[in-house]
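Beneath this line is the structure, given in structure tokens, with notes to follow.
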Amino acid sequence: MNDIAMAIYDDLDNQTQPVLYVDAASDNMIVLGGHMSGKTTFIKTLLVRLHESLDTEHERDVYILDFGGNLGQYKDLSLVSACFDNSNEENVRRLFKAVEEKLEKNKKILDSRQFLDVFYSDEPKKPAHIMLVIDNVNSFLADERYSSYQDDLMKMCREGLSKGLTMVFTATDLSNGVGRLMGSFERRFALDGTADKYVDIFGMRVDEPMKCPGRGVSMIGGKPRELQIFLPFRDEMRDLPMYVEYLSTVETRTEKITSFNGDLTEDNFFDYMSRSFEDDIDPNNPVVGLDYYDHKPISVNMHEIHSLAIYGKKRFGKTNLLKLLVRSIHKAHTEFRFIFFDDGRSQLADIYEENRYCSNYITSIEDLYDFLDSNGYAAKMERGSLNKNFVEKNNYGTVFVLQSKMLFQANGAQLLKNVFPKMIAAAEEKGFWFIFSDVRKVSNNDRDTESSLNNSIAAAFLLDNIAEFVSDRGSRSVFGEMDPKELKNEYARCEIGDGYYFDIESDELRKIKIIKA
118 MNDIAMAIYD
128 DLDNQTQPVL
138 YVDAASDNMI
148 VLGGHMSGKT
158 TFIKTLLVRL
168 HESLDTEHER
178 DVYILDFGGN
188 LGQYKDLSLV
198 SACFDNSNEE
208 NVRRLFKAVE
218 EKLEKNKKIL
228 DSRQFLDVFY
238 SDEPKKPAHI
248 MLVIDNVNSF
258 LADERYSSYQ
268 DDLMKMCREG
278 LSKGLTMVFT
288 ATDLSNGVGR
298 LMGSFERRFA
308 LDGTADKYVD
318 IFGMRVDEPM
328 KCPGRGVSMI
338 GGKPRELQIF
348 LPFRDEMRDL
358 PMYVEYLSTV
368 ETRTEKITSF
378 NGDLTEDNFF
388 DYMSRSFEDD
398 IDPNNPVVGL
408 DYYDHKPISV
418 NMHEIHSLAI
428 YGKKRFGKTN
438 LLKLLVRSIH
448 KAHTEFRFIF
458 FDDGRSQLAD
468 IYEENRYCSN
478 YITSIEDLYD
488 FLDSNGYAAK
498 MERGSLNKNF
508 VEKNNYGTVF
518 VLQSKMLFQA
528 NGAQLLKNVF
538 PKMIAAAEEK
548 GFWFIFSDVR
558 KVSNNDRDTE
568 SSLNNSIAAA
578 FLLDNIAEFV
588 SDRGSRSVFG
598 EMDPKELKNE
608 YARCEIGDGY
618 YFDIESDELR
628 KIKIIKA
């Protein structure tokens, strides 16, 4: 058993003050009390004691939701996989996803057996012990952003212990749904409160303990006992950093979840990237960011993807993403030629200037038709039929960057419906790549043109909140078949500059932190 010394209690029957031990893998624990009563200190002590009994035989992963804002300095302890506050909705989702994945692995190992029977056995393959800590669970349950997790939390509290998941919560009282969870918590600690509150917690009247931080009541041996919680350190400010440094020399099997702090840049990219994906980077493919969940590098596979679309709101980062793509492609393939099609507003002028010696800059539909025809890319229409004098030329290694809003108006329909789809169909053989860098709705509800464009796109970026986009203006885009309700439940709102990458052919959608170019 993994008994941890957490407090001393008053055993009035025997006139002694024994140590109270808890088994971190056997009991869900909840600590209730008012402000400055010692609830967070309980968690700190539990974390430190858990590390004092550290053994490398067993995998332990502690996940912390710090809704009280006082546990940040404990995130570097060896067994703490993640410690997130309530400032970033996506991090909370990542934490729950990680816990669920760990539980699924445990279920496969356990194969219907009880967790403790296997965890403390001599079997070579053991499940992981998972601990989910929520400091100030009232605040978590009251936050509308996490309302979809309430049923999951109830289920975890009810069924988690048998699969290796221990829940440790602190709460001010039984409001905001905390009362519904109490049936799953055998270990209850009340650090202060009125006699009425003790009745709600323990089901009986209890004498109030002395007013002192860390002083409270718990049921021990079937009786309410007054106790005093241990401090984690004699001097936290001095001792915690030394303890963290000492633990850094001890190898554990705990998987850390890193979180983004500010912009993702080329300078800090490898600091955030998960080391397990180092071999996934192909220098020939542009890397645009990191997956929000597992910090895997996201790149556009230029061997397989020859048509790319960028959707999104104005000032949401589309230009940054385009600069990143063009720079990365040019760096990896200096021999490539870029064709920029703007609409006269000079939106691509800066990117063109960076690549002037290997680029062409076009600002009208007529000029684009002429360019494609005269340079041997595609024949233009003349009086209702294709130019009979057209001569196809070898233009291997051409990247078309198509930004003009004129494409999505009536005079651009021919390009979207016939010219570009044919070029894209032969793109792998011909060495063409297309970036539709600001996709808009096709004018006049031209469904044929819209369908031709969608069917031509192999992958797409979206810089917007995906559930809102799909339910509104994106309903007829390449994202249109997705369920807005499922998307809303799955993904938090995007920070400006971040978005989604949808590999259409593999039907894989990833939320990504995009590099600031």
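Taking this note's numbering, the leading residue of the sequence shown gets 118, the next gets one more, and so forth. Cβ atoms here follow ideal geometry from the backbone N, Cα and C, with glycine treated the same way.
As DSSP reads the structure, VAL136 sits in a beta bridge with ILE125. Contact annotation: ILE541 and SER573 have beta-carbon atoms nearer than 8 Å.
In the DSSP annotation of this structure, GLU509 is not part of any beta strand (DSSP E), being labelled neither H nor E.
With contact defined as three or more Cβ pairs closer than 8 Å, the segment 591-610 and the segment 530-550 are not in contact.
In the displayed model, ILE398 falls within coil according to three-state DSSP, outside both helix and strand. Cβ-Cβ distances below 6 Å link VAL165 to PRO349 in the same chain, with the five nearest sequence neighbours on each side left out; the list follows chain order. Of all C-beta pairs linking the segment 510-523 to the segment 450-469, three or more are shorter than 8 Å, placing the two stretches in contact.
With fewer than 16 other CB atoms across the displayed protein chains lying within 10 angstroms of its CB, GLU217 is exposed. Contact between GLY614 and ASN437 holds, since their C-beta atoms are separated by about 6 Å, short of 8 Å. For the options THR382, ARG297, HIS168, PHE488, the alpha carbon positioned closest to that of MET273 is the one of ARG297. With distances taken between CA atoms, SER424 lies nearest to LEU533 out of LEU533, GLN132, THR366. Taking a C-beta distance under 8 Å as the contact criterion, VAL559 and GLU567 qualify as a contact pair. Note on TYR486: 16 or more other CB atoms within 10 angstroms of its CB, so buried under the neighbour-count rule. Contact check for PRO244 against LEU227 passes: the beta carbons are separated by less than 8 Å. Cβ neighbours of ALA466 within its own chain (closer than 8 Å, five residues either side excluded): ASP459, TYR478. For ILE632, there is no enclosing alpha helix (DSSP H), as DSSP marks it with neither H nor E. Taking the Cα of GLY331 as reference, the smallest distance to any Cα among ASP563, ALA122, PHE159, GLU603 is reached at PHE159. Taking GLY548 as the centre and dropping the five residues before and after it, the same chain places the C-beta of ASN512, TYR513, GLY514, THR515 closer than 8 Å to its C-beta, in chain order. A Cβ-Cβ distance of about 7 Å is found for the pair ILE247 and LEU220, placing them in contact under the 8 Å criterion. Within the DSSP secondary-structure output, PRO601 pairs in no beta bridge. When DSSP assignments are scanned along the segment 486-574, the uninterrupted stretches of alpha helix (DSSP H) that are 4 or more residues long and fall wholly within it turn out to be 537-542, 544-547, 564-573. Looking only at SER391, TYR180, HIS450, ILE121, the smallest Cα-Cα distance to MET284 is reached by TYR180. Two segments are said to touch when three or more pairs of C-beta atoms, one from each, lie closer than 8 Å; by this definition the segment 379-392 does not touch the segment 181-198. MET123 places its beta carbon less than 8 Å from that of PHE347. Between the C-alpha atoms of SER393 and TYR617 there is a straight-line separation of about 22 Å. Beyond the five residues adjoining it in sequence on each side, ILE422 comes within less than 6 Å, by CB distance, of ALA575, ALA576 in the same chain, given in chain order. According to the DSSP assignment, THR287 belongs to the beta strand (DSSP E) that extends over 282-288. For the segment 202-232, the full-length alpha helix (DSSP H) segments reaching 4 residues or more read 206-227 along the chain.
The beta carbons of LEU212 and LEU167 sit no closer together than 8 Å. Residues of the same chain with a CB within less than 6 Å of the CB of LYS628, apart from the 5 flanking positions on each side, are TYR409, TYR608, TYR617 in chain order. The beta carbon of LEU519 lies closer than 6 Å to those of PHE458, PHE553 in the same chain, with the five residues before and after it left out. Here ILE121 is actually not in contact with VAL136; their C-beta atoms are around 10 Å apart, not less than 8 Å.
Secondary structure note for LYS440: it is in no beta strand (DSSP E), and the uninterrupted alpha helix (DSSP H) holding it is 435-449. Cβ atoms of SER198 and ALA215 come within 8 Å of each other, at about 7 Å. Under DSSP, ASN477 takes part in a beta bridge, and its partners are ILE456. By the 16-neighbour rule on beta-carbons within 10 angstroms, ARG351 is exposed.
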